[in-house]
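Before any comments, here is the structure.
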Amino acid sequence: MMTMNNHMKKHSYPRYYDEPYRTTLETRVVSVEGSKVVLEETIFYPEGGGQGGDWGTVNDCPVLDTVPGDDEEIIHLVRNPAFKAGDRVVLTLDWNRRFHFMKNHTAQHAASGILFKHFGIGTVSVHLGTEVMMIEVDREEVPDSACLELQSLVNRAIVEGHPVTSETKSHEDAEALGLRRPIKVEGDVRLVHVDGVDTIACGGLHVSNTREIGLFLYEGQEKIRSHARLIFTVGEVAWNRVLLNRTIVDQLGTLHSSPPEALVETAAKACEAAASEKAFLGRLRNRLASVLLDLKLAGETDPLPVITWEVEDEITLKDLAQAASRVANLALCATLRLEDGKLAWLIVLTGEGAAKLDIAKHRSDLLSSINGKGGGKAPIFQGVGEGDPAELFARFRDLLR
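Quick note on numbering that gives the first Met the number 0: the sequence shown kicks off at 0 and runs consecutively.
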């Protein structure tokens with residue numbers, strides 16, 4: 000993050016600290032090097048501390064990003080800058096993006112402060128995104144119950160409307176406060192206070208009152224570097240999530256003819272019924288595969304029936320494999336066309352079939368006609384190929400003559 004030493008520079012003076020809500024500014028161009036523009040003053044905050052850089056325009060030229068340069072200079076990355084050093088220009092800030100980050104950053108301070116005070120959990124790093132805000136903590140896992148309690152406590156702080164202020168102290172005085180995280184900058188330190196909730200060294204931008212955050216929602220967590228990364232949505236993004244969830248609940252309620260409070264139980268019963276029906280249909284398919292195989296075998300007089308079969312999709316090759324493996328003597332080669340156009344293949348060799356055809360020896364030659372891949376162990380071999388199975392079937396029959 001940028002430190003307050005920027006206030007001593009002859010150019011790139013950061014007006015965003017004194018006037019974080021300012022959206023326009025007239026200033027002078029100090030230098031233009033390709034897309035890199037340095038200004039005498041700026042309202043654009045540079046990327047840092049997990050917070051994205053500001054966007055907007057310089058005159059009518061888009062500012063694609065704002066980043067820190069050498070010696071804490073502020074670099075504006077401008078598309079096709081139509082001005083030169085010495086020109087007067089007007090800056091216009093993308094306020095929606097800035098305000099989004101201000102709300103997220105303040106919410107992060109409140110959440111990290113509460114995590115530390117109420118749960119003894121420290122913050123390792125933060126990321127403020129355009130959709131979610133993430134806090135990496137010094138625990139491998141945080142119980143969801145604690146995260147939901149955190150959500151409640153942060154939202155209480157939002158409703159209570161705590162003032163958010165900043166001040167600059169000497170490094171020694173700041174260290175004496177016993178902050179929840181070590182101070183990373185040298186010299187004077189900018190402290191941000193969320194009144195009664197948190198105090199921390201920070202060079203970022205924040206709202207002036209927690210009430211402006213609007214809403215804070217816990218969305219889940221993931222593991223990173225043996226730490227838990229807690230995921231939240233804030234402000235308008237959180238409200239949109241609430242509205243989306245409400246719409247989904249209403250639609251599911253209509254679909255299941257169920258009020259919201261009974262929806263989980265209704266859905267659980269529907270899932271249980273679907274699982275039972277799926278198992279029943281599976282048994283029917285398995286029985287159908289046995290019946291269809293019996294019909295194929297009915298016309299065979301050879302002691303070793305050799306069956307080649309382009310299976311229709313009323314049964315699966317898994318069903319057929321189970322049925323075929325129960326036949327004492329059989330040589331079966333079957334295929335099924337998949338939805339993506341590929342060709343699933345199945346070979347089942349039992350009894351005399353296994354004795355007559357060494358699949359390990361002949362598999363490459365047998366499957367080359369369909370560019371087949373796969374494997375298995377006796378009596379079932381299967382995989383995927385492509386093309387017309389006619390040559391596969393012909394080779395299979397030739398090998399069993």
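Backbone N, C-alpha and C define an ideal beta-carbon position, used for all residues, glycine too. Note that this is a predicted model, so its numbers are computed, not measured.
Exercise for the section: Determine contact between the region 81 to 93 and the region 111 to 120, defined as no fewer than three beta-carbon pairs at a distance below 8 Å. Expected result: Counting Cβ pairs under 8 Å, fewer than three are found: no touch.
Exercise for the section: Provide the residue(s) that pair with L229 in DSSP beta bridges, ordered along the chain. Expected result: When DSSP reads this structure, L229 sits in a beta bridge with I134, Q220.
Practice task
Could you please give me the residues that DSSP links to E40 through a beta bridge?
Solution key: E40 pairs with Y12.
Handout entry: Assigned secondary structure, F82 (DSSP; H/G/I helix, E/B strand, else coil)
Key = Three-state DSSP puts F82 in coil, outside helix and strand.
Practice task
Leaving out five residues on either side along the sequence, give the residues of the same chain with a beta carbon under 8 Å from the beta carbon of E25.
Solution key: Hits under 8 Å: R87, V88, V89, L90.
Exercise for the section: Answer yes or no: do H255 and D197 have a C-beta to C-beta separation smaller than 7 Å? Expected result: The criterion of a C-beta distance shorter than 7 Å is not satisfied by H255 and D197.
Handout entry: V136 versus A323 - alpha carbon distance
Key = Those two C-alpha atoms are separated by around 56 Å.
Practice task
To the nearest angstrom, report how far apart E72 and V37 are at their CA atoms.
Solution key: Cα to Cα, the separation comes out at about 8 Å.
Problem - For G371 and V326, the rounded distance between their alpha carbons - result: The straight-line gap from Cα to Cα measures roughly 25 Å.
Problem - Assigned exposure category for V43 - 16 Cβ within 10 Å defines buried - result: Reading off the sequence, residue 43 comes out as Phe, not Val. Result: buried.
Practice task
Quick one: measure Cβ to Cβ for I120 and R138, integer angstroms, because I've assumed they're closer than 8 Å.
Solution key: The distance from the Cβ of I120 to that of R138 is about 6 Å, consistent with a contact at the 8 Å cut-off.
Practice task
Output the residue ranges of the beta strand (DSSP E) runs that lie fully inside the region 335 to 387 and measure 3 residues or longer, sorted by chain position.
Solution key: Complete beta strand (DSSP E) runs here, min 3: 342 to 349, 372 to 376, 379 to 384.
Exercise for the section: Please list, in chain order, all residues of the same chain as A267 whose beta carbon is under 6 Å from its beta carbon, the five residues on each side excluded. Expected result: There are no such residues.
Problem - T300 - DSSP class collapsed to helix/strand/coil - result: T300 falls in the coil class under three-state DSSP.
Problem - Best match in A288, G281, C60, G352 for proximity to K83 [C-alpha to C-alpha] - result: When only C-alpha atoms are compared, the closest one is C60.
Problem - Identity of the residues DSSP links to G55 by a beta bridge - result: Paired residue(s): V62, L92.
Handout entry: Contacting residues, own chain, Cβ-Cβ under 7 Å from E385 (five flanking each side not counted)
Key = Residues of the same chain with a CB within less than 7 Å of the CB of E385, apart from the 5 flanking positions on each side, are K341, L342, I369, N370 in chain order.
Exercise for the section: Could you pull out every residue in the same chain whose Cβ sits closer than 8 Å to the Cβ of G298, ignoring the five residues on either side in sequence? Expected result: Correct list: empty, nothing qualifies.
Practice task
Please confirm whether A320 and G352 have their CB atoms less than 7 Å apart.
Solution key: Their beta carbons are not under 7 Å apart, which means A320 does not touch G352 by this criterion.
Handout entry: L296 vs L316 beta-carbon contact at 7 Å
Key = Contact: no.
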